[in-house]
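Colleague:
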Amino acid sequence: MGSELQLAIPLLRVFSKEKTWEFYVDFLGFAFDWVERMETDGPLYAQVSRNAVILHLSGHFEDGTPGTTVLIRTHGIDALHGELTKKKYPFTSLKIVDKPWNARVMDVLDPFGNCIRFSENKL
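Numbering (our numbering), first residue to last: 328 to 450.
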């Protein structure tokens with residue numbers, strides 16, 4: 328019997344529960360699914376989701392490196408840009424850039440140096 332690959336879930340390194348929630352839940356509009364802590368004051372390990380996108384966010388030092396880019400295929404990038412712009416999050420720049428590979432891209436940096444890259448194919 329052969330192997331079967333299933334869902335890939337990006338794991339991003341984060342450092343602060345408060346900044347994580349402010350960015351991923353309050354700003355980007357992800358839903359908080361669950362949090363796991365081995366100890367009461369231990370590092371954060373949580374799952375957030377929005378539509379079909381699932382992200383794991385971890386404060387454990389062995390889980391990833393700040394500066395990771397996650398590509399999220401998007402339909403309605405202009406609507407997403409408008410939604411985020413209205414929230415006036417002061418720590419990131421929001422602009423849509425036309426790329427030569429027939430895509431429109433909006434890079435949004437989280438407070439920990441990770442890039443959430445929303446990409447929509449041009450028609």
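Beta carbons are placed, not taken as given, at the ideal position from N, Cα and C, and that holds for glycine.
Using 8 Å as the threshold, is the segment 339-359 in touch with the segment 375-392, meaning 3 or more CB pairs across them?
Modeller: With a cut-off of 8 Å, the segment 375-392 and the segment 339-359 count as touching, because enough Cβ pairs lie within range.
Colleague: Distance, Cα to Cα, K346 vs G329?
Modeller: K346 and G329: Cα-Cα distance of roughly 42 Å.
Colleague: If I follow the unbroken alpha helix (DSSP H) through D405, where does it start and stop?
Modeller: Its alpha helix (DSSP H) spans residues 404-414.
Colleague: Three or more beta-carbon pairs under 8 Å between the segment 361-376 and the segment 406-420, yes or no?
Modeller: Verdict: no, contact absent.
Colleague: Suppose you measure from the CA of R431 to the CA of T367; what does that come to, to the nearest Å?
Modeller: Going from the Cα of R431 to the Cα of T367 covers about 42 Å.
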